[in-house]
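When we follow our numbering, the leftmost residue of the sequence shown carries the number 555, and every step to the right adds one.
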Amino acid sequence: MLSPFKNLLNQFFMPDNAQASVSDARSLQLATAVLLVEVMRSDTAVSATERSSTLAALRTQFALSDDELARLLAQAEDTAKGANDYFRFTSAMNDQFTQAEKIQVVEHMWQVAFADGHLDANENHLISKIAGLLHVTHGEYIAAKLHARQAAQLAV
């Protein structure tokens, strides 16, 4: 007798799996975008090429429209300004990304770092730190760096 009433309440007050997965996807998108923004901000100036590289990486990773990308980047920039650690972003990725997806994020970070034509020591340190938090091995980290450097056509 109470079962239909309970099902009705659950339908209205409990998030369904579709809503939860959309929320998870958005939080992963934001986490990834924040890390890319942090790379962008870690050297002396944010260049237009770094911004373009960040948008391209997000487009590749998540297949978003231009409007969605602009909103995500704006939200990521605001979130990055208030962030005092990276754990909350990397822990969400560790929970839901495959190892290959985490390596792809590290490679995207390298692409942003190389976008302005030179690698700053702060960029290098940040990416190394994030790779460690994502449990990316040193070999995977170096391979991602070399692949991004080759794509940027910079000398080794």
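Backbone N, C-alpha and C fix where the C-beta goes; we use that ideal spot for every residue, glycine too.
Alpha-carbon spacing of residue i relative to residue j, whole angstroms
| i | j | result |
| --- | --- | --- |
| residue 697 | residue 704 | 10 Å |
| residue 617 | residue 606 | 15 Å |
| residue 647 | residue 661 | 15 Å |
| residue 692 | residue 596 | 21 Å |
| residue 687 | residue 694 | 13 Å |
| residue 699 | residue 615 | 17 Å |
| residue 636 | residue 701 | 31 Å |
| residue 675 | residue 639 | 19 Å |
| residue 679 | residue 609 | 22 Å |
| residue 677 | residue 594 | 8 Å |
| residue 581 | residue 645 | 11 Å |
Per-residue DSSP class, three states only, for residue i
| i | result |
| --- | --- |
| residue 617 | coil |
Cβ-Cβ distance between residue i and residue j below 8 Å
| i | j | result |
| --- | --- | --- |
| residue 684 | residue 664 | no |
| residue 634 | residue 592 | yes |
| residue 626 | residue 590 | no |
| residue 659 | residue 586 | yes |
Residue span of the alpha helix (DSSP H) that contains residue i, given as start and end
| i | result |
| --- | --- |
| residue 674 | Here residue 674 belongs to no alpha helix (DSSP H), and DSSP marks it neither H nor E. |
| residue 662 | 653–668 |
| residue 645 | 641–650 |
Presumed contact (8 Å Cβ cut-off) between residue i and residue j, rounded CB distance
| i | j | result |
| --- | --- | --- |
| residue 670 | residue 601 | 5 Å |
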